[in-house]
Amino acid sequence: MSQDRSSPEQHTVLADAWGHVVGGMEWLQSVLFGEFADHRPLSAVVADMLVSFIPGVVIVTSARDAVAVILRLATHPERREELMEWVLLCACLIVIALPIAMAAGSAVALGVGAVVGGVAGSELGAALRAVMLLLIKEASKLVELLRFMQKFMKGDILKFLRAIQFAKYEKPLIQAISKITGKLVELVKALRAHLESLSYFERVKDTIINLAEWEKKFYNVQQDALKQVPKALAELDARLAKVLTQTALKEGHTVAAGVLTEKSLVALPTKQRVKDTLGKVLEKGGRKIPETRGKAASHDGAVRTSNPDSKLSGQLKNNPEPIKSPGESPNTKKQAVSDATLAVERERIAQLSKEGKIDEARTILQPHLDAAKNAETVAEKEVAMKAIIARLDVTSDKEKMFWSGNKELAAKIATEKGKIILEQTSGGKVIDDWEDLNKTFSWDPKDIGPHGWNFWGDVSAEYAKDAAGEIEIIQDIGKFPAGGPTWRTREWTTIIDEGKVTSMKIYGMDKSGNILKAMTIEPDSTIAKELFGGVL
């Protein structure tokens, strides 16, 4: 007769096995042995963590919390498709990942200093965890974030928030996830091996099968983390940037106790006569009326303009103009959000490119490329083109080289010399040989513009902006010395405008890289102007 799973004998066997192999963490025992599962919605988990948030305590309990979330993801595979579930895991692991990150690179390189806003060392991890949890809620008000943070932080909280770049923690977070899941796999294997060695194997057979399933689940979490954590961190950066744009119009307000900000530029109005209706207070007699930009229609239909030199009478104004905040316009907030999102996407694309994840980087640009494909006018397509280019980082710490005619040869020479060409920058790698992009911005004059020469011309001009000192230009001998149209009309002209390049060495080479001709000229010399100045 089979033994009931819930019988005291089985519980005793499992408890003894747990004590022998693990010893402690009874809450984990109940989950792995199938006695408990976390079915709470994400919002409830986040709410509980925020309610019980105590900086010193979360530092100690981070590993336990991370294990609990990993178990949650392992138990519910469908939740592994939700980015905020991974943000929750990252929030639990950030305290563990921070030392890894600090060891791998300087704190400044990571986007946050070792001491920020009065928070230092391990407390920094607690502060980052708090920000992550609050961003999961996607709070629409900056004040909510500041109010929570000022409970345990002193100093300039806004400065701390602006310094955060979550994407920088991708590698250490994934390492932390792998480390903890690896420990869980080892624990499960050890438990299974111990139970299989017992003489009363049949009594715990179901538990052994369950433990084998847990092993597979943990491996699946590890694999999904590689794909989902980068996306989750990018979403966090975007959400934080969006929240921080709320300071764009209200930077002068005091946002938290002990935080000094600029004073408002709008002076308090003096006491004046007002009508007993909503409206603007009257200017004092003797003050001049500001000149209006538009024309106001009179009651009899005649058009008249205001006189800036006229004096105000004591007559009350029925429909005064509202006072506007300094610098405020209908598109201010929208533009601020757009700029912040662009910066986050640009950095993310650069990071993915450096890691060799070109296809993933292109997915960020794809919506803008699709907009270019579907554009019905040149203006619409140009907007989409500019959106793509704005997200490409074509800067470099290496010396920049230029080429005309033989990209592969130029790339080879640049690599050998420790220099770089456009297509080797983080942004250039993403667009180089991208078939979909080249079809959209084709070189066929019959297609709707902008065309390929417009797109690559704009990108090349951006690339040329920070070229400095003595530069080298590799040209196919057939193009020597004038070069191609992109060099003549976009790169050289940008170099002249920037004024940072002192001399240019131009090499005419055959396909094998043999130098057949060479010359050195100054960018703004007479010969340079004769060679490149407007030649098509």
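In full-length UniProt numbering, the protein residues as written are 1 to 536. Yeah, the Cβ is synthetic: ideal placement off N, Cα and C, and Gly gets one too.
Contact belief for residue i with residue j at Cβ below 8 Å, rounded distance in angstroms
i	j	result
Lys465	Thr486	Incorrect: roughly 15 Å between the Cβ atoms, too far for contact.
Tyr169	Ala74	That belief does not hold up - the Cβ atoms of Tyr169 and Ala74 are roughly 22 Å apart, past 8 Å.
Ile164	Leu240	6 Å
Ala91	Met132	4 Å
Val67	Leu184	7 Å
Whole-angstrom distance between residue j and residue i, CA atom to CA atom
i	j	result
Lys500	Asp458	19 Å
Phe218	Glu235	24 Å
Phe441	Asp432	13 Å
Glu215	Leu195	15 Å
Ala528	Val430	32 Å
Asp436	Tyr463	22 Å
Ile177	Pro99	14 Å
Leu392	Ser353	10 Å
Glu81	Lys373	29 Å
Leu173	Leu233	10 Å
Thr520	Asn454	29 Å
Ala468	Lys407	21 Å
residue 541	Gln175	Nothing about residue 541 can be read from this structure; the chain reaches only from 1 to 536.
Pro77	Leu83	13 Å
Asp524	Leu409	27 Å
Ser329	Gln228	In this prediction, Ser329 has a pLDDT of 49, which is less than 50 and means its spatial position is unreliable; what the coordinates show is noted afterwards. Approximately 38 Å, taken between the alpha carbons.
Leu342	Lys357	19 Å
Ala238	Leu89	18 Å
Thr526	Lys400	23 Å
Val95	Asp370	40 Å
Lys517	Phe480	8 Å
Ile209	Lys179	24 Å
Arg162	Leu244	7 Å
Glu498	Gly533	16 Å
Gly478	Pro230	46 Å
Val394	Met504	20 Å
Glu522	Lys398	21 Å
Phe402	Gly484	11 Å
Thr377	Ile448	8 Å
Lys151	Leu135	17 Å
Lys242	Gln366	21 Å
Gly182	Ile70	11 Å
Buried or exposed by the 16-neighbour rule on C-beta atoms within 10 Å, applied to residue i
i	result
Ala193	exposed
Trp86	buried
Gly405	buried
Gln351	buried
Ser396	buried
Ala379	exposed
Ala126	buried
Pro445	exposed
Pro450	buried
Asp65	buried
Glu186	exposed
Ser62	buried
Asp156	buried
Leu146	buried
Val143	exposed
Thr277	Because Thr277 carries a pLDDT of 42, less than 50, the predicted location of this residue cannot be relied on, and the following value inherits that uncertainty. Exposed is the call here.
Ala130	buried
Gln222	buried
Lys381	buried
Ala411	buried
Ile515	exposed
Ser512	exposed
Glu491	buried
Trp456	buried
Thr489	buried
Per DSSP, the bridge partner or partners of residue i
i	result
Thr520	Lys505
Ser426	Ser426 pairs with nothing; no bridge assigned.
Gln475	Ser404, Gly508
Glu235	Glu235 is not bridged to any residue.
Glu347	DSSP, once it has assigned bridges, lists no residue as partnering Glu347.
Ile515	Met509
Glu380	Per DSSP, none; premise fails for Glu380.
Ile420	Lys400
Gly469	Val501
Task: Segment contact flag, the region 342-362 with the region 408-427, C-beta cutoff 8 Å, min 3 pairs - done: The answer is yes - the region 408-427 touches the region 342-362, with three or more Cβ pairs under 8 Å.
Open item on the list: Between the region 508-521 and the region 471-483, can you find at least three pairs of beta-carbon atoms closer than 8 Å?
Closed with: As far as the Cβ criterion goes, the region 471-483 touches the region 508-521, which means the pair count is three or higher.
TODO: Determine contact between the region 346-356 and the region 408-423, defined as no fewer than three beta-carbon pairs at a distance below 8 Å.
DONE: Contact between the region 346-356 and the region 408-423 is absent, because fewer than three Cβ pairs lie under 8 Å.
Open item on the list: If contact is defined by three or more beta carbon pairs under 8 Å, each pair taking one atom from either stretch, is the region 395-415 in contact with the region 367-386?
Closed with: By the Cβ test, the region 367-386 is not in contact with the region 395-415, since fewer than three Cβ pairs between them sit closer than 8 Å.
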